[in-house]
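> Questions regarding the structure given below will be posed in turn.
Chains as they are written, first to last, in this note's numbering: chain A, 3 to 235; chain B, 3 to 235.
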């Protein structure tokens, strides 16, 4: 089963007009014929099972047969993480986090950040590709990059946790993980002392992910998998 | 703290001769001076804390002050995994598995394998770099590539598990994980029916890693992290 992504439809749709990029792929690359079965997700939790009624390379059309709703997990996970200097490492994180399960990602600009600007469009494509490849129907939300201080001010309902490397009493993530989780992952040089103090002031709980010393993108995946695993037990 | 790798010494060493590659790095790139503190691991569980007594670019010498022994984990993990077609994906697995914790890796040649030859020397370099970067003193063992059938014949003491995608009763890895684990991870097209039958005949227990559909290298990391996490609780 191959999955396509078209955000502009909902569960009441009887037909779907596919965006130009996916249409070109369906028509010119895969050369799908009229009458063929096709699956399209809107990235918002549903998948339309349908029949291709037009294979025009600029706008394919699908007649909807069934709407499948994705089962909602029993938890929510938002990771705010400092993008790595090397783009491929951060893109690995985006891809793997989507495969394993994540709701929201916020790129953080921290004191020790090695990357101060992000390629949002590129990251979006990585998330879309990973969603389709894993046959998931929900696209993780990718927020704009935000500074650590600005992020502290944001009002969130989630249980707030910060994974830092300083020597202090920390709760293990697998014990702290909740139904609604927000986890901060710092840059390669860790969060600054100021940032840690600020996070504690804003009621972030210090957590530890592992005994091992992990790279930023590995810490992101370990945090993501820990929450998914613990919530599935 | 920066860690260097030189396999040819043991805990009785009073001085260490560093191999050419690391010597060049120490002498020409980092320009370490005589008298500087230096840490060297033999990749077999120990780290020598010492003083640089010669910074010759072809053979640095270290006078050993202290030998530090790595604490042994309470479990063992061997993953036999079909290398992915794209080398960077497999190298990503090698790096992340080393950061998180793994003892042994066997590249498997399966019926549906997309990669039938491996770049062993390149993979060794990835493992060494990951070990040093994570400040670990034990280099994961990388075995030569072996066919699935030949691997079945090998005598192992570990609890034998196979993660396949066919629809059958499977135990969850986090429940099955043991003190001594061998986990088989198949190629993108999964193990063949023949291979699964053979594994069952050789007492491999079918396990599931996740509800989600994971790429080969992601499955490898999920298996690796699951064992590490469960054995740490």
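Don't be surprised by glycine CBs; every beta carbon is placed ideally from N, CA and C.
What you are looking at is a predicted structure, and each value in this text was computed from that prediction instead of being measured.
Per DSSP, residue 214 (chain B) forms a beta bridge with which residues?
Residue 214 (chain B) pairs with nothing; no bridge assigned.
> So is residue 32 (chain A) in contact with chain B if we call contact Cβ pairs under 7 Å?
No, because no Cβ of chain B sits closer than 7 Å to the Cβ of residue 32 (chain A).
> Quick check on DSSP: helix, strand or coil for residue 222 (chain B)?
The answer is helix: DSSP assigns residue 222 (chain B) an H, G or I state.
> Quick one: which chain B residues come within Cβ less than 7 Å of residue 231 (chain A)?
Those within 7 Å of residue 231 (chain A) in chain B are 176, 228 and 231.
> Between residue 54 (chain B) and chain A, is the shortest Cβ-Cβ distance under 7 Å, so that the two count as touching?
No, residue 54 (chain B) does not count as interfacial toward chain A.
> From the DSSP output, which residues share a beta bridge with residue 78 (chain B)?
Answer is B:182.
> Using a Cβ-Cβ cutoff of 7 Å, what residues of the segment 131-146 of chain A are near chain B? List them in chain order.
Under the 7 Å Cβ criterion, the segment 131-146 of chain A contributes 136 and 137.
> Select from the segment 37-49 of chain A all residues with a C-beta closer than 9 Å to any C-beta belonging to chain B, and list them in chain order.
Listed in sequence order: no entries.
> Roughly how far, in whole angstroms, is the beta-carbon of residue 79 (chain B) from the beta-carbon of residue 129 (chain B), given that I think they are within contact range, below 8 Å?
Wrong, their Cβ atoms sit about 14 Å apart, outside the cutoff.
> Looking at the C-beta of residue 101 (chain B), does it have a partner C-beta in chain A at a distance below 7 Å?
Chain A, which has a Cβ nearer than 7 Å to the Cβ of residue 101 (chain B), makes this yes.
> Near residue 20 (chain A), which residues of its chain fall below 8 Å by C-beta distance, leaving aside the five closest residues on each side in sequence?
Closer than 8 Å at the Cβ level, and outside the excluded window around residue 20 (chain A), lie 6, 8, 28, 42, 61, 62, 63 and 64.
> Could you list which residues in chain A have their beta carbon closer than 8 Å to that of residue 213 (chain B), in chain order?
Ordered by position in chain A, the residues that pass the 8 Å Cβ test against residue 213 (chain B) are 234.
> I want to see whether chain B comes within less than 7 Å of residue 216 (chain A), judged by CB atoms only; does it?
Yes, its Cβ sits closer than 7 Å to a Cβ of chain B.
> Alpha carbon to alpha carbon, what distance is there between residue 18 (chain B) and residue 34 (chain B)?
If I take the Cα positions, the gap works out to 16 Å.
> Let me make sure I understand the geometry here. Which of A:108, A:182 and A:45 has the alpha-carbon closest to that of residue 10 (chain A)?
Minimum Cα distance to residue 10 (chain A) is reached at A:45.
> Can you give me the Cβ contacts of residue 226 (chain B) inside the same chain, cut-off strictly under 6 Å, excluding the 5 residues immediately before and after it?
Taken in chain order, the residues that qualify are 99, 102 and 104.
> For a test of the three-state rule: what should DSSP assign to residue 165 (chain B), helix, strand or coil?
The answer is strand: DSSP assigns residue 165 (chain B) an E or B state.
> Can you name the residues of chain B whose CB is closer than 8 Å to the CB of residue 224 (chain A)?
Here the neighbours are 102 and 227.
> Name, in chain order, the residues that DSSP records as bridge partners for residue 63 (chain B).
Paired residue(s): B:19 and B:56.
> Give a yes or no on whether 7 Å exceeds the smallest Cβ distance from residue 121 (chain B) to chain A.
Judged by the 7 Å Cβ criterion, residue 121 (chain B) is not in contact with chain A.
> Please determine, among A:37, A:114 and A:133, the residue with the shortest C-alpha to C-alpha distance to residue 49 (chain A).
When each option's Cα is compared against that of residue 49 (chain A), the closest is A:133.
> Which bits of chain A does residue 86 (chain B) rub up against, with CB to CB less than 9 Å?
The premise fails here: residue 86 (chain B) is roughly 13 Å from chain A at the closest Cβ pair, so nothing lies under 9 Å.
> At a CB distance below 8 Å, what residues from the segment 69-82 of chain A approach chain B? Give them in sequence order.
Within the segment 69-82 of chain A, no residue has a Cβ that lies closer than 8 Å to any Cβ of chain B.
> Is it buried or exposed, residue 183 (chain A), if we count other Cβ atoms within 10 angstroms and call 16 or more buried?
Result: buried.
> What do you reckon, are the CB atoms on residue 107 (chain A) and residue 144 (chain A) nearer than 7 Å?
Yes; because the gap between Cβ atoms is below 7 Å, this pair is in contact.
> Which chain A residues are close to residue 60 (chain B), counting only those with a beta carbon under 8 Å from its beta carbon?
The contacting residues do not exist; residue 60 (chain B) stays about 31 Å from chain A at best.
> Using 8 Å as the threshold, is the segment 72-89 of chain A in touch with the segment 165-177 of chain A, meaning 3 or more CB pairs across them?
Touching, no, given that fewer than three Cβ pairs across the two stretches are closer than 8 Å.
> Mind listing which residues of the segment 187-206 of chain A have their C-beta closer than 9 Å to chain B's C-betas, in chain order?
Those residues of the segment 187-206 of chain A that come within reach of chain B (Cβ to Cβ, closer than 9 Å) do not exist; the list is empty.
> Give the range of the alpha helix (DSSP H) segment to which residue 128 (chain A) is assigned.
Looking at the DSSP string, the run of the alpha helix (DSSP H) that includes residue 128 (chain A) is 122-135.
> Could you tell me how far apart the beta carbons of residue 83 (chain A) and residue 110 (chain A) are, in whole angstroms, since I believe they sit closer than 8 Å?
Correct: roughly 6 Å between the Cβ atoms.
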